[in-house]
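Worksheet: the structure to be examined is printed underneath.
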Amino acid sequence: MPSPRTDLSADCADCFALCCVGLAFTASRDFAVDKSAGTPCPNLAADDRCSIHTGLRGRGFQGCTVYDCFGAGQKLSQQTFGGVSWREAPHTAAQMFAALPLMRQLHEMLWYLTEAETLAAASALRTEISWSAEETERLTGLPADELLALDVAAHRQGVSELLSEVSTLIRAGIGTGRKKDRRGADLIGARLPRADLHGADLRGAYLIGTDLSGADLRRADLIGADLRDANLAGADLTGAIFLTQTQLNAALGDQRTKISEGLTRPSRWE
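Per our numbering, the sequence shown runs over residues 11 to 280.
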């Protein structure tokens, strides 16, 4: 189940529009213009709100509609930097923007670890999961200079290995043979309608534009899978593990698509 923690969901009202300024993007099907890191998006208003929020897709900014900081933006804005924005204290801007991707990684790990704690089949690893979550939580509270010096990649490696063990326990006994080991697979544009991917390992798989209509994805491991424009019409994702709202927002589905409680059916699937 997705994490019930509200602090791991983006709250733009408590953020200094860090993603709209600190991150770079390139003109593409996801973004209508080029923007360098540290430069405010041309659609950003003086009150740190998006001036075209209700029409992002129609204006060529669909990439903004699928981005999720997992609550990292408000954590940095209100706690790490004490509620003082980069506008009020320009000398903090560089640190604030550089810290965003690091904090986001930590919050994403917390999201997965919090979900892992709720999975009964992973009870044998409950102690390790709790310790890892506590340590990750501690790291999110580091001062800005210590956060920027942190080897997040090394910490992520340890968390990833633990989550892989959780995945193995959850998917045990489903018949996860070689045909269902699609970890990191390049399946861009593949046609897999009604595919039996029950309990499949799809960690980090490239599923951009993949036809998964009617596919059985129950208890499949989808951590890090790229589901942009994947066709999930009629697919069953009940109990899919480590599936995030961001991934659903990037995919294409319909009213027949089955998702677990705690995730929201994107309005454009109506």
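All residues carry an ideal CB built from backbone N, CA and C; glycine is no exception.
Nearest CA to the CA of residue i: which residue from the options?
| i | options | result |
| --- | --- | --- |
| Ala210 | Arg201, Arg192, Thr254 | Arg192 |
| Val31 | Ser46, Arg39, Leu18 | Ser46 |
| Asn53 | Thr36, Arg114, Phe71, Asp40 | Phe71 |
| Leu262 | Gly234, Pro276, Pro50 | Pro276 |
| Arg229 | Leu129, Ser170, Phe107 | Leu129 |
| His117 | Pro203, Arg181, Ser142 | Ser142 |
| Arg97 | Ala134, Asp58, Ala132 | Asp58 |
Which of the three DSSP states is assigned to residue i in this structure?
| i | result |
| --- | --- |
| Ile251 | strand |
| Phe281 | Outside the displayed span of the chain (11 to 280) sits residue 281, for which this structure offers no information. |
| Gly272 | coil |
| Cys25 | coil |
| Leu179 | helix |
| Asn241 | strand |
| Arg201 | strand |
| Cys51 | coil |
| Leu262 | strand |
| Cys30 | helix |
To the nearest angstrom, how far is it from the Cα of residue i to the Cα of residue j?
| i | j | result |
| --- | --- | --- |
| Ile218 | Leu173 | 23 angstroms |
| Arg69 | Glu127 | 40 angstroms |
| Gln84 | Ala20 | 7 angstroms |
| Leu232 | Ser95 | 36 angstroms |
| Ala245 | Phe107 | 38 angstroms |
| Gln167 | Asn241 | 31 angstroms |
| Asp40 | Cys74 | 8 angstroms |
| Pro12 | Trp121 | Note that Pro12 scores a pLDDT of 48, beneath 50, so its modelled location is shaky; the value from the coordinates is reported in the next line. Their Cα atoms are separated by approximately 7 angstroms. |
| Arg148 | Gln255 | 25 angstroms |
Would you mind reading off the limits of the alpha helix (DSSP H) that contains residue i?
| i | result |
| --- | --- |
| Cys74 | 72-76 |
| Gly83 | 82-85 |
| Trp121 | 103-127 |
| Asp155 | 154-159 |
| Trp279 | Segment: none, Trp279 is in no alpha helix (DSSP H) and carries neither H nor E. |
| Leu149 | 136-150 |
What is the C-beta distance between residue i and residue j, in whole angstroms, given that I count them as a contact (C-beta under 8 angstroms)?
| i | j | result |
| --- | --- | --- |
| Gly81 | Asp17 | 5 angstroms |
| Leu158 | Ala109 | 6 angstroms |
| Asp24 | Gln88 | 5 angstroms |
| Val169 | Ala132 | Their Cβ separation, rounded to whole angstroms, is 14 angstroms, which puts Val169 and Ala132 out of contact at 8 angstroms. |
| Ala260 | Leu237 | 5 angstroms |
Please report whether the beta-carbon of residue i lies at a distance below 8 angstroms from any beta-carbon of chain D.
| i | result |
| --- | --- |
| Gly214 | In the structure shown, chain D does not exist; there is a single protein chain. |
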